[in-house]
Each structure stands twice: as C-alpha cells, then as structure tokens.
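Novice: Numbering-wise, my numbering comes out as the position in the sequence shown, counting from 1, plus 3. No residue lacks a Cβ here, since even glycine has one placed at the ideal position from N, Cα and C. As the structure is a computational prediction, the values presented were derived from the model and not from experiment.
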Amino acid sequence: MSKQPAAAAAPAPAPPAEPAAPAEEKKPEKKEKPKAPKRRIQVHKLYKVEGDSLTRLRKDCPRCGKGYFMAQHKGRLTCGNCGYTTFLSKP
Ligand SMILES: [Zn+2]
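1. May I have the straight-line CA-CA distance separating Cys-67 from Asn-84, to the nearest angstrom?
2. For Lys-93, tell me which candidate among Lys-77, Lys-51, Thr-81 has the shortest Cα-Cα distance.
3. Who are the near neighbours of Lys-30 in its chain, counting only those whose CB is closer than 8 Å to its CB and skipping five residues on each side?
4. Can you check DSSP and say which residues form a bridge with Arg-79?
5. Check whether the Cβ of Arg-79 lies closer than 8 Å to any heavy atom of ligand 1, and answer yes or no.
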C-alpha cells in the first residue's frame, strides 16, 4: 500500500464494505420420498407345518443357541441378537 495525497478537499468517508449480495438462489424444493409402508414380519412364513410335525425354516444361531433364528439376507445369514453372520458361498 502506497501513500496517496488526498486530492479532494473533503474526503468522503469510505462506505462500509458491503458484502456482495448473493443472487437469490432458489433452493430446490424438498421432494418427499414416498415412504414404503412398514411391513411386519410374517411369522407364519418362518415355519412349516406338515401334519403333526413342525419344521423351522430358519437356522438357529450357533452362538445364541436354540430359539435364536438367523435372518436370511441375500448371500448371508445374520443373527439379530449377537450379530453373528455367516456368508453363503456362491454356487
Ligand atoms: Zn446370535
């Protein structure tokens, strides 16, 4: 910065630096995604009754023992209680 002699007799006070007003940006309206309805677990699909016998279609968790079933996902079985996961080998 170099010193400059004041040329004008009455130096005008410097106007306060005004931040350049940003052009009004139009925010894209929030699109509300249609929520998928909550699906309750269909317990009757986890068992199979044949006559007098009942078969459980989900495997038991080897860590938690009987009564804790593994959730079937794509390519893996997971225990919801302890988090134990087994990955199914691809054929
Ligand atoms: Zn478990």
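Specialist: Taking the geometry as given:
1. As a position in the sequence shown, residue 67 is number 64, starting the count at 1. As a position in the sequence shown, residue 84 is number 81, starting the count at 1. Cys-67 and Asn-84 have their C-alpha atoms spaced approximately 8 Å apart.
2. Taking the first residue of the sequence shown as 1, we reach residue 93 at position 90. Ranking the options by Cα distance to Lys-93, first place goes to Lys-77.
3. Residue numbering aside, residue 30 sits at position 27 when the sequence shown is read from its first letter. Excluding residues within five positions, none has a Cβ falling inside 8 Å.
4. The sequence position of residue 79 within the sequence shown is 76, counting from 1. In DSSP, Arg-79 forms a bridge with His-76, Phe-90.
5. Locating residue 79 in the sequence shown gives position 76, where the first residue counts as 1. Incorrect: Arg-79 has no Cβ contact closer than 8 Å to ligand 1.
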